[in-house]
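S.K.: Under full-length UniProt numbering, the residue at position 188 of the sequence shown is numbered 188, and the numbers go up by one with no gaps.
Ideal Cβ placement from N, Cα and C applies to all residues, glycine included.
Predicted, not measured: the structure shown is a model, and the values here were computed from it.
Quick one: this structure, given as C-alpha cells, is what I'll be asking you about.
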Amino acid sequence: MDFASSDTRPARADAPLPASTSQGLKIVIVGGFGVGKTTLVRSVSEIRPLDTEATMTQSSVGIDDLSAVRGKSTTTVAFDFGRISIDDEHVLYLFGAPGQERFWFLWDRLFAGALGAIVLVDQRRIADSWYAIDRLESTGTPFIVACNNFGGGHRLDDVRDALDLDPLVPLVDCDARNRESSKGVLITLVEHLYAAREEHVG
C-alpha cells in the first residue's frame, strides 16, 4: 500500500474526506511521558491535528518526572488526534495517548476498536515503555515498536533485548519530527497487520 504522496494539508481540521473513502482504521500511539507521541501525530497528519496539550504547572511537580524532558512545558491530558489517507478508500485515524501514569486509565478506551498500535520508545528511558507493551499484550492489540531517535548511539538489537520483544514484533528507528520518517512507521504497522491477517486467513 502507498500512502497519498501529497504533503498539502487542508487549512481546516474538519476537512472532508473524499467520497470514495469507505474504511476508517483506528491506530493508537502509546509510550512513556515525553517520548514524542504528539510530535509524531503532528508531523504525519494530513489535517491540522486536534490535541489536548495543556501547560504544565507547579501542580505536576513531584508527580510527573521531568528529569529526562527538562525543556518540556506542555503535556497531553486526554489524547491527540490526526488523520492520514492510505489510498482513495482507506484512511488511518491516529490517536496519541497521554504518557503520564495518572492518565493511564484512559488507555483502555483508546484501545477499544483499534486495529493496531505503535509503541514509541526513547532509547534513553527504555523502562518507560514496559507498561505500554504489557497493556497491549494483555488486550491482544497488535503493535510495532518505533525507537524515536533523540540522538546518541544505540542499536536496535540492544533496544529489542532490553524490551524483551517477541521476534515477530517489528522494531524500527524513526524521527518523530520528520513526516517521511513517521509515515514509514505507519507503513510498517500496516504491513505488519496485513501480514498477520494473511497468516490467520491462510
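(1) Quick check: the Cα distance between I144 and P170, rounded to an integer number of angstroms?
(2) Report the residue ranges of all beta strand (DSSP E) runs contained in full by the stretch 103–131; include only those spanning at least 3 residues, in chain order.
(3) Quick check on the DSSP output: the beta strand (DSSP E) that includes R83 runs from which residue to which?
(4) Quick check on A19: does DSSP put it in helix, strand or coil?
(5) Note down, in chain order, each residue of its chain lying with its Cβ closer than 6 Å to the Cβ of T188, except the 5 sequence neighbours on either side.
(6) Rounding to the nearest angstrom, what Cα-Cα distance links I86 and G24 in this structure?
(7) My guess is that A117 and L136 are in contact by the Cβ rule of under 8 Å, so how many angstroms apart are they, rounded?
(8) Does the count of Cβ pairs from the stretch 29–49 and the stretch 119–132 closer than 8 Å reach three?
(9) Tell me which same chain residues have a C-beta within less than 6 Å of the C-beta of C147, skipping the five on either side of it?
(10) In terms of alpha-carbon separation, which member of L165, P142, A176, D175 lies closest to R197?
(11) Along the chain, where does the beta strand (DSSP E) that runs through V172 open and close?
(12) State the DSSP-derived secondary structure class of H192, mapped to helix, strand or coil.
M.R.: So, from the data block:
(1) Distance from the CA of I144 to the CA of P170, rounded to the nearest whole angstrom, comes to 5 Å.
(2) Runs of the beta strand (DSSP E) spanning 3 or more residues and lying entirely within the stretch 103–131 occur at 116–122, in chain order.
(3) Taken as a continuous stretch (DSSP letters only), the beta strand (DSSP E) holding R83 covers 80–85.
(4) In this structure, DSSP gives A19 a state outside helix and strand, which the three-state scheme calls coil.
(5) When the five nearest sequence neighbours on each side are left out, the beta carbons in the same chain lying within less than 6 Å of the beta carbon of T188 are those of I144, P170, V172, in order along the chain.
(6) One C-alpha to the other measures close to 10 Å.
(7) About 5 Å separates the two Cβ atoms, so the contact holds.
(8) Output reads yes: the stretch 119–132 touches the stretch 29–49.
(9) Cβ neighbours of C147 beyond the five flanking positions: V121, Q123, V159, D173.
(10) Its Cα nearest to that of R197, the residue P142 stands out among L165, P142, A176, D175.
(11) For V172, the enclosing beta strand (DSSP E) begins and ends at 171–174.
(12) Three-state DSSP puts H192 in a helix.
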